[in-house]
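Chains as they are written, first to last, in this note's numbering: chain A, 1303 to 1449; chain B, 47 to 238.
Okay, structure first, notes after.
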Amino acid sequence: MSPQGYILSLDALLALLIAGFLISATLYLLGPPGREARDEVLYRIAMDYLTVVEKDGSLSRAMIEAAINSTLPVKCIYTKLDDYAKLYPSVCMTLRIRNESHTWACAGAVDDPEKCTHKGEESVIVHRTFIAQEQPFDAEMEVWYKK
Amino acid sequence: MTAQNPKKRGIAFSTDFITSLIIFLLVITSSIWIWDMVKYRVHTTPLHERQVQRLRAASDLLILTPGDPPTWHRPDNSQANVNWSAMKSFGLASEPYILDELKLKKFNESVQSDGSLDEVAYNYTQYLLGLAGEEYNLTIFTNCTSETPTILYDFRGNFSMENATQIHVHSRLALLNGEWVKVRLMIWRRRD
């Protein structure tokens, strides 16, 4: 029977595991800002837009246009989404408006085919209900950062 | 009696010793590196987060609230200056997202010939916006979605930004007389 030494004994393995856990935990905690902070910024970007286009009448005009064009879904013109996107070049955005029966009234998107495709789970969706032509509509805006 | 084996020697650097030494050095090196990162983050992160939160809250106050009292821009005597000491909060909106031009004009009266706000107006608004300890610049642009936005109003203190540090900027969209305007609030600290 030949005597054998242990290269990694049980207590050494345990110490290594603890050190690894501590290092991983520290690196995780020191990582980039959490999702909450990023979501808050995206939420404000979407809510600012939806509120302003509702208050300046753009959403109502878009609904009148959508009613004229019977083919659905039509592009959300008059909503100035393209203009708004110029203020946030690093953000992709889509706008969808549907009526009470959940039929899409119009849709619009400002996205870069290369940089906006992979939004993953990092997008923020904001809803705002508004009245146009005496009917309620739901405007849904989804925003996420370009990759 | 057994004879001593002359070849039996102690090993100063055994395999397990070298292995443990490597692991030990790796852990120590990582710990030193992480310690430096922690020291840096502990120093900067709370300040950074606090500044960003303050910036967002201040931008909310400006475009969502009228201030308190809401008629701060209309003192009893129309020629009188704003009674800053009687104000409880500062806002430029008549209703959320709609800026009040009269408030902007009244605030603009505090701008001096060199383009900066007078000290009283700047100090009070700095405090009322929750930006004590930060310097701020508030700029309102029209034609904000064009390539050449136009500065409509510019409110700032009498400080050069040459020594600015910890700069944060937040831009919001609002309406002024039915038109889109960009409200850009920038906060920064003076380098000591």
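Every residue gets a Cβ at the ideal spot worked out from N, C-alpha and C, and that includes glycine.
All values reported here derive from a predicted model rather than from experimental measurement.
Inter-residue CB distance, residue i and residue j (contact presumed, cutoff 8 Å)
| i | j | result |
| --- | --- | --- |
| Lys-1382 (chain A) | Ser-1360 (chain A) | 6 Å |
| Asp-164 (chain B) | Gln-158 (chain B) | 6 Å |
| Tyr-1380 (chain A) | Met-1443 (chain A) | Not a contact, Cβ separation roughly 15 Å. |
| Ile-109 (chain B) | Leu-138 (chain B) | 7 Å |
Residue i, enclosing beta strand (DSSP E) - first and last residue
| i | result |
| --- | --- |
| Ile-57 (chain B) | First-last for Ile-57 (chain B): undefined, no H or E at that position. |
| Asp-160 (chain B) | Note, Asp-160 (chain B): premise wrong, no beta strand (DSSP E); not H, not E. |
| Tyr-1447 (chain A) | 1437-1447 |
| Glu-141 (chain B) | 139-141 |
Distance between residue j and residue i (C-alpha atoms, nearest Å)
| i | j | result |
| --- | --- | --- |
| Trp-1406 (chain A) | Ala-1369 (chain A) | 11 Å |
| Met-47 (chain B) | Ile-80 (chain B) | Confidence at Met-47 (chain B) is low in this model, with a pLDDT of 47, below 50, so its placement is unreliable and no value can be given for it. |
| Ser-66 (chain B) | Thr-1396 (chain A) | 56 Å |
| Leu-1324 (chain A) | Met-83 (chain B) | 14 Å |
| Ser-1403 (chain A) | Glu-95 (chain B) | 43 Å |
| Phe-153 (chain B) | His-119 (chain B) | 8 Å |
| Leu-184 (chain B) | Val-128 (chain B) | 18 Å |
| Phe-63 (chain B) | Leu-1329 (chain A) | 29 Å |
| Ile-1366 (chain A) | Ser-140 (chain B) | 28 Å |
| Leu-221 (chain B) | Ser-192 (chain B) | 16 Å |
| Val-243 (chain B) | Arg-237 (chain B) | Here chain B covers residues 47 to 238 and nothing more, so residue 243 (chain B) does not appear. |
| Glu-155 (chain B) | Val-1355 (chain A) | 30 Å |
| Ile-233 (chain B) | Asp-114 (chain B) | 23 Å |
| Gln-1437 (chain A) | Leu-145 (chain B) | 28 Å |
| Thr-91 (chain B) | Ala-1434 (chain A) | 46 Å |
| Tyr-1450 (chain A) | Ile-1347 (chain A) | The shown model of chain A, from 1303 to 1449, leaves out residue 1450 (chain A), and the question about it has no answer. |
Cβ pair residue i, residue j closer than 7 Å
| i | j | result |
| --- | --- | --- |
| Lys-151 (chain B) | Phe-187 (chain B) | no |
| Thr-211 (chain B) | Arg-235 (chain B) | yes |
| Trp-1446 (chain A) | Cys-1378 (chain A) | no |
| His-216 (chain B) | Ser-135 (chain B) | no |
| Phe-177 (chain B) | Leu-107 (chain B) | It should be pointed out that residue 177 (chain B) corresponds to Leu in this sequence rather than to Phe. Not in contact: Leu-177 (chain B) and Leu-107 (chain B) (Cβ atoms no closer than 7 Å). |
| Met-1349 (chain A) | Val-1412 (chain A) | no |
Start-to-end residues for the alpha helix (DSSP H) that takes in residue i
| i | result |
| --- | --- |
| Leu-1315 (chain A) | 1312-1331 |
| Leu-1383 (chain A) | 1383-1389 |
Going along the stretch 1344-1364 of chain A in order, which residues come within less than 8 Å of chain B, judged by CB to CB distance? Listed by position along the chain: Arg-1346, Asp-1350, Tyr-1351, Thr-1353, Val-1354, Lys-1357 and Asp-1358.
Which residues, taken in chain order from the stretch 1428-1442 of chain A, show a beta carbon closer than 7 Å to some beta carbon of chain B? So nothing in the stretch comes that close.
Note down, in chain order, all residues in the stretch 226-238 of chain B with a beta-carbon under 7 Å from any beta-carbon belonging to chain A. Answer in chain order: Trp-226 and Lys-228.
Which residues, in order along the stretch 213-224 of chain B, keep a beta-carbon less than 9 Å from a beta-carbon of chain A? Residues His-216, Ser-217, Arg-218, Leu-219, Ala-220, Leu-221 and Gly-224.
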